[in-house]
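Residue numbers (this note's numbering): 12 to 695.
Okay, structure first, notes after.
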């Protein structure tokens, strides 16, 4: 293809050229007005000078036309797997390629993308595709998506598009879906207190009626509530553990569902403990009393109430109690009125002396059964007739005395159960460096697990669950030797701080527990158990797919399993035996699943700004395509039932020839001739 064009290459600035032309025009007008002779010839000479300064030339080119390019951006996010959306998009892509094959001046460039943990980011894919296409060849953009796009810029001009953008919406536009919306959820909550959520259920297929909501905390027992569709409801859940508490919320399926994925939501509430209240009752002054007090006072989260009985009531010296007591021991207030305000009760070398009536021991036993925590540190008195093991408290004690008190140096050791239990497992294998104790009470474990024992196998530290609560007993009053560093000392603070936190339901110290972590797309689950084996890991992915992975032993009482998450995003449910947990891959409530309906709203600003069109392709596997037309860049780009792809007329120059239209010698001769004609006319 050949083409010619006139071009100017001025020898002076365009402003200078324009100024000279204006001066010439003014001079010629003045000369004509005054009737001067020869003004025409002099004006023509001036025009010849301006022509020489403009330096005109004729450019002759041999051009090779370039085809136009239509960019097809195809959504591959998870929502495209619903129904026939992916086959619908594939059918549309095939139709576009067929149209381009029939037009020698059109090419198709396809890009796929959009799938991210933060929703469908299809505009990123659009920008990437545009980066490889010259803008003067862009015929148009066609976006094949269900319309759930989450990165559309607020200003359409930011994309700088000078070609029409058409939205071909895939999927059935008539399909309805039930979905759960979390309007308000707290990020923090006090352990043991309820937190409130504001929820709403939307369902176009059933705009009236009610639906059942189910809440689960860390995969535990369900809490159910009924909600009116379309109205905001408030539900409560109890924060049970310190740290992350994952609360799953689910609404029952509706009559018409695109997917059940958005019938579920999850919220992570960080449990924060209020100050822990601990009641420490020391039965008599002894060396270990200060060690317990120092240990508890060193923890800033503990609010300690400590009473030491300095003189027993049965001492026969004739002194009145009110004359000797530093403060009154408020037994009625502590063990009747305010007992359940304490998170942990510790009896340190306490024996029955008539200070606590029998019914108060019964109150303490009931307190443990209903969720309280009790720690007994036993001295020789525990083996005697005044032992609290002979009170109504015996029903919740993990060990009973045999009546013997053993004396002589020995080194405590971690039992086989202790090697598996999270309270003592970190200390296993360190016993050789521990200092000696010199006395313990012979006992028989009744329940729970013995974590520390003597070289002869008798129990020293026993932990057990009693009803809804927990209890522990240390059958020696010699642990304070470790705190003093005697004979090398031992892990006094670490051990008994972990015991106290286990008693107060610290989830990280539970003996039967399933935890999980995510790193670089790899899910790793860890099962802590006192058993020799662990059941296979059962995985329910956010998409509903189920997998099983074998648990492999990674140490005493510790088993692990791993699995790749792939493209899964959302809440993952895990189970191994009776232990369950949940973990989130990416955001807890992915934007991708919040609304799964086909929509044109998100892309409408871009469509309108580029004079494009929006078309529904239907919900069948074969797309119901609009007509495709080639249009002029300044013409209409879309109409009812058709989409335009503009012809840009882009080309490359294969050969070019420049022919000057004002040769220097010819113009010089012409200027001289015109000036001479002017002089001749003036002299005539």
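Think of the CB as a built atom: it goes at the ideal place given N, C-alpha and C, for glycine as much as any other residue.
- Of the residues assessed, residue 105 falls on the exposed side of the cut-off, its CB having fewer than 16 other CB atoms within 10 angstroms.
- A contact is defined here as three or more CB-CB pairs under 8 Å, and the stretch 234-244 meets this definition with respect to the stretch 202-222.
- The C-beta distance from residue 196 to residue 595 rounds to 14 Å, too long to meet the 8 Å contact threshold.
- Here residue 192 carries a strand assignment [DSSP, helix/strand/coil].
- Remark: C-beta atoms of residue 452 and residue 536 do not approach each other more closely than 7 Å.
- A straight line joining the alpha-carbon of residue 525 with that of residue 547 spans about 12 Å.
- In the same chain as residue 576, and ignoring 5 residues on each side of it, the C-beta atoms closer than 6 Å to its own belong to 532, 534, 596, in chain order.
- Cβ-Cβ distances below 6 Å link residue 316 to 290 in the same chain, with the five nearest sequence neighbours on each side left out; the list follows chain order.
- The C-beta separation of residue 623 from residue 176 comes to about 4 Å, placing the pair in contact by the 8 Å criterion.
- Here residue 440 is not near residue 500, since their CB atoms are 7 Å or more apart.
- Around the CB of residue 43, fewer than 16 other CB atoms lie within 10 Å, so the residue is classed as exposed.
- In the same chain as residue 565, and ignoring 5 residues on each side of it, the C-beta atoms closer than 7 Å to its own belong to 571, in chain order.
- Assignment of beta strand (DSSP E) within the stretch 378-415, counting only whole runs of 3 or more residues, yields 384-388 in chain order.
- In the DSSP annotation of this structure, the continuous segment of the alpha helix (DSSP H) that includes residue 304 starts and ends at 298-308.
- With contacts defined as CB atoms closer than 7 Å, residue 480 and residue 382 qualify as a contacting pair.
- No Cβ-Cβ contact shorter than 7 Å links residue 540 with residue 519.
- Straight-line spacing of the CA atoms in residue 66 and residue 19 works out to 6 Å.
- Going by C-alpha positions, residue 587 is about 33 Å away from residue 377.
- Beta bridge pairing from DSSP links residue 626 with 179.
- Closest in alpha carbon position to residue 357, among 379, 179, 348, 343, is 379.
- One Cα belongs to residue 554, the other to residue 124, and the distance between them is close to 19 Å.
- Out of 347, 216, 157, 118, the CA that lies nearest to the CA of residue 132 is found in 157.
- Secondary structure within the stretch 70-144: the beta strand (DSSP E) runs of 3 or more consecutive residues, fully enclosed, are 79-86, 117-124 (chain order).
- DSSP places residue 353 outside both helix and strand once states are collapsed to three, so it counts as coil.
- A straight line joining the alpha-carbon of residue 459 with that of residue 425 spans about 15 Å.
- At a Cβ-Cβ threshold of 7 Å, residue 202 and residue 280 do not count as neighbours.
- Residue environment: residue 455 is assigned as exposed (fewer than 16 neighbouring CB atoms within 10 Å of its CB, all protein chains considered).
- Here residue 351 is exposed, its C-beta having fewer than 16 other C-beta atoms within 10 Å.
- Counting only residues of its own chain and dropping the five nearest sequence neighbours on each side, residue 220 has a CB closer than 6 Å to the CB of 240.
- Ranked by how close their Cα comes to the Cα of residue 387, the residues 303, 115, 127, 237 have 303 in first place.
- Three or more pairs of CB atoms, one per stretch, sit closer than 8 Å, so the stretch 144-156 contacts the stretch 69-81.
- In this structure, residue 423 keeps its C-beta atom at 7 Å or more from the C-beta atom of residue 484.
- For residue 536, the uninterrupted beta strand (DSSP E) run begins and ends at 533-539, by DSSP.
- Look at the beta carbons and you see the stretch 90-103 touching the stretch 628-648: at least three pairs across the two are nearer than 8 Å.
- DSSP lists 237 as the beta-bridge partner residues of residue 223.
- Judged by pairs of C-beta atoms under 8 Å, the stretch 426-434 does not touch the stretch 486-505, as fewer than three such pairs exist.
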